[in-house]
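Below is one structure, written out as structure tokens; the observations come after it.
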Amino acid sequence: MWENVSLLRRIALFRMLICGNIRRCIGCMRLEQLDYELPSNLIATKPAVPRDQARLMVVHSSSGRIEHHRISDLPDHLDATDIMVRNRSRVLPARIEGSRVDTGGRVSGLYLHSLDDGSWVAMLKSNGKLRSGLSIQLGEDGPVLELLGRDGASWIMRCDRDQTAEAVLQSHGKTPLPPYILSARGEEMIDESEDRDWYQTIYARESGSVAAPTAGLHFTCELEEALRIKGVSFLDVLLHVGPGTFQPVSAPTLDKHQMHREDYQVEKAVLDIIMATDRARRLVAVGTTTARVLESLPESNPGRDWSASTELMISPPWTWRHVDVLMTNFHLPRSTLLALVAARIGIELMHEAYAIAVEKEYRFYSYGDAMLLL
């Protein structure tokens, strides 16, 4: 049975077996099946320069073959008829850092969205207890935010400046890097202006995300031009990435996990192409947010611009309706994003690919390397 099975694949299969019956696990995925060990030195604290020199692991789901390339080699692995679908959402400098006006105590948080009356909704944390009526100043002479009340786990607040939230954040907010990047940096000092550039795709348009659609961070103008010369075309969708993307899975099985909700939009012209009956052209999803949009679309073409919200969790077993190829970064263990990868290439091959990535010292997470799942 084992003579033609690689050592890494044997390890991956053994990990599945210790979780219980394979068929039962696939039908009701357990959290342990999404676990792996990652040395902390493999967490990328800054992107490759240039962006398209990051590494690219190409995984062939049908044969199990794994190849190692650079992002700049992407045109060699796509067909001239392929359509790349991207998320054009732009990341807001949504990280809030300020101090309490009464005590000077530090307050940090994440802006989420604005309400119709202009007030803000944000997640906040402070060493001291926060309460309604408390004021927070951003920076030394920045605007003052007054806490109006709670909204679940978040706070509603009013800014004393006659400006939009985006305008205030552009001048006083910071790049909302994931906590694992900030932790991995330690004492390493990186200028905010660099993160504002790095943590944004070159094709980002509408502001609204509090986390980047990270697979798109690898694209350069030169790579995009090379893909167009190859014959690859591009479509853009919009999904503003919310704080739920950082939400860990705490339930023992994925079917018990409450998936976060995100709003998305797809223009009619884009829908017409996606919904076309001729599927001789492959749809290549750039990132998990794009994959989530594509798989959340209605069964039939509504014949108009489409706006909706999705709480879709993609995990094995999954019948893919639109995504033929997926480009994605390496994700955190025990996450719904890793479950999506397993749904694309299978649990066993996912574990083998990740074990190889660790062995070959690929760079992980938002600023790290990528996979192309064929």
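Residues are numbered in my numbering as their position in the sequence shown, beginning at 1, plus a constant of 1153.
Glycine included, every Cβ here is placed at the ideal spot set by N, Cα and C.
| task | Starting from the Cα of A1508, find the closest Cα among I1219, P1203 and V1297 and give me that residue. | result | Out of I1219, P1203 and V1297, I1219 has the C-alpha closest to the C-alpha of A1508.
| Given V1511, which residues of its chain have a CB within under 6 Å of its CB, disregarding the five upstream and five downstream residues? | If we look at V1511 and ignore the five residues flanking it on each side, it has no Cβ neighbours.
| Residues near T1198 by beta carbon distance below 8 Å, same chain, minus five either side | So the list reads I1334, A1337, R1338, E1341, I1343 and Y1520, once near-sequence residues are dropped.
| request: Return the CA-CA distance between L1231 and V1385, expressed in angstroms with no decimal places. | output: Distance between the alpha carbons of L1231 and V1385 is about 8 Å.
| query | Among the residues of its own chain, which have a CB less than 6 Å from the CB of R1435, if the five just before and after it don't count? | reply | Excluding positions up to five away in sequence, the list reads D1235, D1477 and V1478.
| Pick from Y1417, N1454 and R1487 that is closest to V1402, judged by C-alpha positions | Taking only the C-alpha atoms, the option nearest V1402 is R1487.
| query | Where does V1437 sit, in a helix, a strand or coil, going by DSSP? | reply | It is a strand residue.
| task | Flag this pair as touching only if the stretch 1242 to 1253 and the stretch 1317 to 1329 have three or more C-beta atom pairs under 8 Å; answer yes or no. | result | Three or more Cβ pairs closer than 8 Å define a contact, and the stretch 1242 to 1253 meets that threshold against the stretch 1317 to 1329.
| said: Rounded to the nearest angstrom, what separates L1388 and Q1353 at their Cα positions? | reply: Going by the C-alpha atoms only, they are around 18 Å apart.
| message | So, at 7 Å on beta carbons, what are the nonlocal neighbours of R1176 in its own chain, with the 5 sequence-adjacent residues on each side left out? | response | Caution is warranted here: a pLDDT of 35 is assigned to R1176, below 50, making its placement in the model unreliable, and the coordinate value is therefore given only provisionally. Taking R1176 as the centre and dropping the five residues before and after it, the same chain places no C-beta closer than 7 Å to its C-beta.
| query | What did DSSP end up calling H1230 once you bin it into helix, strand or coil? | reply | In this structure, H1230 counts as helix in the three-state DSSP scheme.
| request: Would you mind stating whether V1238 and V1439 have Cβ atoms separated by less than 9 Å? | output: Their beta carbons are under 9 Å apart, which means V1238 touches V1439 by this criterion.
| Tell me which same chain residues have a C-beta within less than 6 Å of the C-beta of H1393, skipping the five on either side of it? | Closer than 6 Å at Cβ, skipping near neighbours: S1242, G1361 and S1362.
| field | Continuous beta strand (DSSP E) stretch holding I1196: start and end | value | Segment: none, I1196 is in no beta strand (DSSP E) and carries neither H nor E.
| request: Assign S1346 to one of three DSSP states: helix, strand, or coil. | output: Reduced to three states, the DSSP call for S1346 is helix.
| What first and last residue would you give for the alpha helix (DSSP H) that runs through K1322? | Reading off the sequence shown, one finds Leu at residue 1322, where the question assumed Lys. A1318 to H1325 is the extent of the alpha helix (DSSP H) around L1322.
| field | Whole-Å CB distance - A1506 paired with S1468, under 8 Å assumed | value | That pair is no contact at about 17 Å.
| query | Near M1503, which residues of its chain fall below 6 Å by C-beta distance, leaving aside the five closest residues on each side in sequence? | reply | Taking C-beta separations shorter than 6 Å and ignoring five residues to either side along the sequence, the partners of M1503 in its chain run V1494 and A1495, following chain order.
| field | Distance, T1463 Cα to R1414 Cα | value | Going by the C-alpha atoms only, they are around 5 Å apart.
| query | What is the C-beta distance between G1258 and N1280, in whole angstroms, given that I count them as a contact (C-beta under 8 Å)? | reply | Sure, about 6 Å apart at Cβ, within 8 Å.
| field | Simplified DSSP state of D1205, which is helix, strand or coil | value | Helix, per DSSP.
| said: Within a Cβ cutoff of 6 Å, which residues of the same chain sit near G1295, ignoring the five residues on either side of it in sequence? | reply: Only H1325 meet the Cβ criterion.
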